[in-house]
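Structure record follows, encoded as structure tokens.
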Amino acid sequence: MEDAMSKGKFEFLDGYPADVLAIEAVGEIGADAYEHHLIPALEAKIAAEGKIKLLYVIGDRFDGFSAKAAWDDARFGLTHLGDFAALALVSDIEWVRLGVQVFAPMIPGAFAVFHVAELDKAKAWICEAGKPREDHSHDTDATHKLPTLEDKQPPMG
């Protein structure tokens, strides 16, 4: 019988806005973790919020994916690409970082990859992603008056 401590799971991280689902992969992630925990949580969040933002941490406590879990991950991601407003991946595992960057051009929302040491930066980024920014680069400085046309005409005389 498999020891419950060795069974992989997704830990749901608290303290984020309602449209953010923050998770950390812990242990060896099997299909059960996807099918009974992560996918229902993602689908519920999408139903409640519309487009969502996902912070996905694959750090030091991650031991791998089963083949079925990897398939579930890819299938869900491809099926719901349009439901993600932003995706932040936090990992130092090179094959994970490279693998997700292969799919980056297909992700319609904002996307960023961070190292584990940049977790705080990733948290801030995912909370701000998709928010409208005040862009003042095209504003006009109204403190200077334009010369009137009379100033441009030659004197009559």
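In UniProt numbering, the protein residues as written are 1 to 157. Glycine included, every Cβ here is placed at the ideal spot set by N, Cα and C.
Under the three-state reduction of DSSP output, tyrosine 16 falls in the coil class, being neither helix nor strand. In its chain, beyond the 5 residues on either side, Met106, Ile107, Pro108 have a beta carbon closer than 7 Å to the beta carbon of leucine 81. One alpha carbon belongs to proline 17, the other to alanine 48, and they sit about 13 Å apart.
In the structure shown, glycine 64 adopts extended strand secondary structure according to DSSP, grouped into three states. Closest in C-alpha terms to leucine 98, from the list Leu54, Ala86, Phe114, comes Phe114.
Of all alpha-carbon atoms in Glu35, Ile93, Ala70, Asp120, the one lying nearest the alpha-carbon of arginine 61 is that of Ile93.
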